[in-house]
Amino acid sequence: MRALLVLAATISLTWGALISGTILDKNTSKPIANAIIISQGKEYRSDCNGSFKVPSSPIIGVRAVGYERKFYKNGGKMYLNPFNPKALYLSSFGATSSKLMGNAKELIKSTEINALVIDMKMDRGQIAFKTANPIANSIGAQDVILFKDIKKFVADLHKEKIYVIARIVSFKDTPYVTAYPAMGVKAANGSLFKDKEGLYWIDPSRKEPREYILNIAAEAASAGFDEIQFDYVRFPDAKGVKFSVENSQAERVKAISGFLEAARARLTPYNVFISADIFGYVSWHNADIEIGQRVDALSPYVDYLSPMLYPSGFNAGIPGHPDPVKANYEVVKQSLDKALEKSATSPKSYRPWLQAFRDYAFDRRIYGAKEIREQISASEAFGSCGWILWNPRNVYSSDGLK
-2 MRALLVLAAT
8 ISLTWGALIS
18 GTILDKNTSK
28 PIANAIIISQ
38 GKEYRSDCNG
48 SFKVPSSPII
58 GVRAVGYERK
68 FYKNGGKMYL
78 NPFNPKALYL
88 SSFGATSSKL
98 MGNAKELIKS
108 TEINALVIDM
118 KMDRGQIAFK
128 TANPIANSIG
138 AQDVILFKDI
148 KKFVADLHKE
158 KIYVIARIVS
168 FKDTPYVTAY
178 PAMGVKAANG
188 SLFKDKEGLY
198 WIDPSRKEPR
208 EYILNIAAEA
218 ASAGFDEIQF
228 DYVRFPDAKG
238 VKFSVENSQA
248 ERVKAISGFL
258 EAARARLTPY
268 NVFISADIFG
278 YVSWHNADIE
288 IGQRVDALSP
298 YVDYLSPMLY
308 PSGFNAGIPG
318 HPDPVKANYE
328 VVKQSLDKAL
338 EKSATSPKSY
348 RPWLQAFRDY
358 AFDRRIYGAK
368 EIREQISASE
378 AFGSCGWILW
388 NPRNVYSSDG
398 LK
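The numbers in this note's numbering rise by one with no breaks, and the one at position 328 of the sequence shown is 325.
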């Protein structure tokens, strides 16, 4: 009997330690359904009235697709501001260049740009900030440290009202595969696969490397980034490659969606937005185009999908538009429409990459004000949560920007 009373008291205390509230749009005071609430390291959702009841926690994290993220100490009414990131991409080198970063900040002050995507785990596997990660330090991934104090860097950008996204290049990683060759993608003859740049790839079907990638992502989240964006979250687009599992669509999709599922679980305590970059043509296919990316399989695990909709990258055109650089609006709008059909989510769950560099595949045209605005207009007509401009040289102007 005494044991039952103790058990009853324990249950009462557990269920009694709850916090409730309502999440509202700051501008309209209307409830936000399906908003994300983070308490005690776990994720919960608001109901159709914006209401929730979760285990009590000193700090409650709140965010929603198409809104900002915030932290609260108490329940009650919680307000979120609508927010659409309109971003520029900067490499780690660009972000630490006074000239390139200075130009980006000037555009943020004078145009609609309000966000930056910055490399933290770089294309060649280097970690751009100082980390205590033992693997990163042992494999040479810290040979180039560009951010000595990453928390201060992010905090300083936040002071300037800039939304900051950490780009994490996931499975293209020469230092890691050099140190752990068993974890690499293999060529048909059994040797390590090298892509056209001569770089090695982690085999996404291997679960062992996930912890390394996700620990780096978690460090970036801990540093204060608003969003973690996974790029190269796919298998290499090459023929005849071998993995630790059968090279089939089912296994490829399982590996990539499994990685993003693990990423969401790992990053939940930080109340950070999660996004993933996907090939532009993925929007048009029901299959995974042999890289493990399928819209319907990936969308449940991220807040935003970011298809790379550079017209120059659509080498085969799209239906009705064989010359995509002459159909910038149509490429972006129709690709997003196709993706939405497959994910059955919301237009706000998308934030496309747009082309801000000279065409390399068709007529070599310069992408100036007209071409950039056509892409932006298509994205906004679709209703996406902002957009991102890509220029590999990190050189941007106000052309095409409001």
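Glycine included, every Cβ here is placed at the ideal spot set by N, Cα and C.
Give me the Cβ distance between residue i and residue j, rounded to the nearest whole Å; I'm assuming they're in contact under 8 Å.
i      : j      : result
Lys292 : Pro308 : The sequence as given places Val at residue 292; Lys does not occur at that position. Going by Cβ atoms, the distance from Val292 to Pro308 rounds to 20 Å, so no, they are not a contact pair.
Phe17  : Lys50  : Residue 17 is actually Ser in this sequence, not Phe. So it is a contact: roughly 4 Å between Cβ atoms.
Phe359 : Asn388 : Actually they do not touch by this definition, with Cβ atoms about 18 Å apart.
Val269 : Asp223 : 7 Å
Lys149 : Asn111 : Not quite, the Cβ-Cβ distance comes to about 21 Å (not below 8 Å), so this is no contact.
Gly289 : Arg249 : 4 Å
Met117 : Ala163 : 4 Å
Leu77  : Ile20  : 6 Å
Glu315 : Leu351 : According to the sequence provided, residue 315 is Ile. The question's Glu does not apply to it. Wrong, their Cβ atoms sit about 15 Å apart, outside the cutoff.
Is it right to say residue i is buried, meaning 16 or more other beta carbons lie within 10 angstroms of its own, or is it exposed?
i       : result
Val230  : buried
Thr427  : It is not possible to answer for residue 427, since the shown part of the chain is limited to -2 through 399.
Arg348  : buried
Lys236  : exposed
Ser89   : buried
Glu368  : buried
Ala185  : exposed
Gly91   : buried
Glu216  : buried
Ile56   : exposed
Glu371  : buried
Pro178  : exposed
Cys45   : exposed
Asp285  : buried
Val151  : buried
Gly365  : exposed
Ser9    : Caution is warranted here: a pLDDT of 32 is assigned to Ser9, below 50, making its placement in the model unreliable, and the coordinate value is therefore given only provisionally. Exposed, because fewer than 16 other Cβ atoms sit within 10 Å of the Cβ of Ser9.
Asn391  : buried
Arg(-1) : Summary for Arg(-1): the model assigns pLDDT 40, below 50, so the residue's position carries little reliability; its value from the coordinates is reported in the next sentence. Counting Cβ neighbours within 10 Å, Arg(-1) comes out exposed, since fewer than 16 surround it.
Ala341  : exposed
Leu4    : Because the pLDDT of Leu4 is 32, which lies under 50, any placement of that residue in the model is unreliable, and the question is left without a value.
Val328  : buried
Ser376  : buried
Ser36   : buried
Asp200  : buried
Tyr357  : exposed
Leu15   : exposed
Val141  : exposed
Gly361  : Contrary to the premise, residue 361 reads as Arg rather than Gly in this sequence. That one is exposed.
Ser107  : exposed
Gly38   : exposed
Pro206  : buried
Gly181  : buried
Ala6    : Its pLDDT being 31, under 50, Ala6 is placed unreliably by the model, and the measurement read from it follows with that caveat. Ala6 should be labelled exposed.
Ser254  : buried
Ser135  : exposed
Ala138  : buried
When the Cα of residue i is compared with those of the options, which residue comes out closest?
i      : options                        : result
Lys210 : Lys148, Pro131, Val151, Leu154 : A small correction: the amino acid at residue 210 is Ile; Lys does not occupy that position in the sequence shown. Checking every option, the nearest Cα to that of Ile210 belongs to Pro131.
Pro233 : Leu264, Ala179, Ser167         : Ser167
Gly380 : Tyr301, Asp356, Leu77          : Tyr301
Arg60  : Thr108, Thr265, Ile115, Phe276 : Thr265
Phe276 : Glu258, Ser303, Ala294         : Ser303
Tyr400 : Ser94, Phe80, Ser202, Gln331   : Coverage of the chain is limited to positions -2 through 399, which leaves residue 400 absent and any answer about it impossible.
Ile165 : Ala32, Ala214, Glu205, Ser202  : Ala214
Ser94  : Phe80, Met75, Asn81, Ile115    : Ile115
Asp396 : Leu295, Trp350, Phe144, Ile363 : Ile363
Pro297 : Val62, Ser54, Pro28, Ser53     : Val62
Lys145 : Lys127, Ala294, Glu65, Gly38   : Lys127
Asp407 : Cys382, Ser202, Gly187, Lys102 : Any answer about residue 407 is impossible in this case: the structure gives the chain only from -2 up to 399.
Pro79  : Gly310, Ala336, Lys23, Ala218  : Lys23
Leu113 : Val161, Tyr393, Tyr41          : Val161
Ala336 : His282, Ser245, Gly383, Tyr326 : His282
Glu258 : Glu287, Ser280, Lys204         : Lys204
Met75  : Ile33, Trp198, Leu87           : Ile33
Ala218 : Ser245, Lys156, Ile147         : Ile147
Flag residue i as yes if its beta-carbon sits less than 9 Å from any beta-carbon of chain D, otherwise no.
i      : result
Tyr267 : The question asks about chain D, but that chain is absent: this structure has only one protein chain.
Next item on the list: Enumerate, from N- to C-terminal direction, the unbroken alpha helix (DSSP H) stretches of 4 or more residues contained entirely within the region 320 to 369.
Entry: Within the region 320 to 369, the complete alpha helix (DSSP H) runs of at least 4 residues fall at 325 to 340.
Margin query: Does the contact criterion of 3 or more C-beta pairs under 8 Å hold for the region 162 to 177 versus the region 120 to 139?
Written below: The answer is yes - the region 120 to 139 touches the region 162 to 177, with three or more Cβ pairs under 8 Å.
Checklist line | Inter-stretch contact at 8 Å, needing at least 3 Cβ pairs: the region 54 to 73 / the region 92 to 103 | finding: Under the 8 Å Cβ criterion, the region 54 to 73 does not count as touching the region 92 to 103, having fewer than three qualifying pairs.
Checklist line | Runs of beta strand (DSSP E) lying entirely within the region 67 to 150, each at least 3 residues, in chain order | finding: If only uninterrupted beta strand (DSSP E) runs of at least 3 residues are considered, those enclosed by the region 67 to 150 are 73 to 77, 83 to 87, 112 to 118.
Margin query: Pairs of beta-carbons, one from the region 239 to 246 and one from the region 268 to 282, closer than 8 Å: are there three or more?
Written below: The region 239 to 246, when compared against the region 268 to 282, does not touch it at the 8 Å Cβ threshold.
Check: Could you give the uninterrupted runs of the beta strand (DSSP E) lying entirely in the region 266 to 306, keeping only those of 3 residues or more?
Finding: Unbroken beta strand (DSSP E) runs of no fewer than 3 residues, entirely contained in the region 266 to 306, are found at 270 to 276, 301 to 305, following chain order.
Item checked: In chain order, each alpha helix (DSSP H) run of at least 4 residues that lies wholly inside the region 148 to 201 -> Whole alpha helix (DSSP H) segments, 4+ residues: 171 to 176.
Margin query: Restricting to runs no shorter than 4 residues, where is the alpha helix (DSSP H) found entirely within the region 202 to 269?
Written below: Taking only runs of at least 4 residues, the alpha helix (DSSP H) segments lying wholly in the region 202 to 269 are 207 to 219, 246 to 264.
Item checked: Uninterrupted alpha helix (DSSP H) stretches inside the region 16 to 71 (no shorter than 4 residues) -> Whole alpha helix (DSSP H) segments, 4+ residues: zero.
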